[in-house]
Amino acid sequence: MDHFSVSCARPFLVAEFSAPQAVLSWSLTRPGFAVARKVAWLHVRDDDLPLGVDPAALLETRMAAAGHRDAVHLMTSRDVGHHHLATASSGAAAAACLATVGLGNAARVGSAPLIGKPLGTINLLAHVDRPLSQGALVEAVSIATQARTAAVIDLDLRLDGKPVTGTGTDCIVVAAPAMDGGDAFAGLHTDIGAAIGRAVYEAVWQGGSAWIGERRELAVAR
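Using the working numbering, read the sequence shown as starting at -7 and increasing by one per residue.
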């Protein structure tokens, strides 16, 4: 199935659905449960966020000016031209993940906050084609988070000798058709969880591998 259409016109990356979707995220501007037809990324540079600028206000203003006021908003320092899309299916469920992956401020869960790290983050949308209850949306977020973490660990970046598990500013959006009577469960042992997990893992793995490869090329060029 076509989960969503993808358009990229820098500095915006937009995933647009043909019908309203139930969404759960910790977006800066529309956190928690929402109903939306678009998820939109904004690429920002260091100069866009000097001291004293409110990131949420900047994000809202720029999204509104570009016609994305009602979207779920994401902000990234990764050039949105470097986005990765992966799909997966399991049984009756099909999922897709659109991700931008930067690992400049990679961190390990439970470690002390890192000050002065370069910008870099993972922002992803995971969509499943089956309607979900609110509880199942929460469970789907946990599956997407596990898949993100598994992919980052498998990239084998290290912090104090231990694998990193994400970045300090990751954001995950999970979406499903906005319909009554959705599936009640989306865990690891369900087709929904399996499809989401595979799609998210693949998109984050692709994005992380590309990011690492770019930095190796830069190091060689020097």
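Backbone N, C-alpha and C define an ideal beta-carbon position, used for all residues, glycine too.
**Asked** Under 8 Å between the Cβ atoms of Thr161 and Val101?
**Response** no
**Request:** Per DSSP, which residues does Trp33 bridge with? Please list them.
**Result:** Leu5 and Leu66
**Ser134 - containing alpha helix (DSSP H), residue span** = Gln126 to Leu147
**Asked** Of the choices Ala32, Arg122 and Gly96, whose alpha-carbon is the least far from that of Gly173?
**Response** Arg122
**Asked** Can the beta-carbon of Val15 be found closer than 8 Å to that of Val64?
**Response** yes
**Asked** Leaving out five residues before and five after Pro12 in sequence, what residues of the same chain have Cβ atoms less than 6 Å from its Cβ?
**Response** Val27, Arg29 and Ala170
**Request:** Determine the DSSP secondary structure at Val(-2), reduced to helix, strand or coil.
**Result:** strand
**Item:** Neighbour-count burial assignment, Ser69, 16 or more Cβ in a 10 Å radius
**Value:** buried
**Request:** Please list, in chain order, all residues of the same chain as Ser(-3) whose beta carbon is under 6 Å from its beta carbon, the five residues on each side excluded.
**Result:** Glu8
**Asked** Just how far apart, CA to CA, sit Ser266 and Ser103?
**Response** Because the chain spans -7 through 214 in this model, residue 266 falls outside it and cannot be assessed.
**Message:** Need the endpoints of the beta strand (DSSP E) that Pro169 sits in, please.
**Reply:** Cys163 to Pro169
**Prompt:** For the beta strand (DSSP E) that Leu117 lies in, which residues bound it at each end?
**Reply:** Ile114 to Val120
**Closer than 8 Å to chain B by CB, Asp183** = Chain labels in this structure do not include chain B; a single protein chain is all it has.
**Asked** Nearest-angstrom Cα distance between Val31 and Ser82?
**Response** 24 Å
**Own chain, CB closer than 6 Å to Ala250, minus 5 neighbours either side, in chain order** = Missing from the structure shown is residue 250; the chain here goes from -7 to 214 and no further.
**Request:** Give every residue of the same chain whose Cβ lies closer than 7 Å to the Cβ of Ala58, excluding the five residues on either side of it in the sequence, and list them in chain order.
**Result:** Phe4
**Prompt:** What is the DSSP secondary structure of Lys21, counted as helix, strand or coil?
**Reply:** One detail in the question is off: residue 21 reads as Thr in this sequence, not Lys. DSSP places Thr21 in coil when its eight states are reduced to three.
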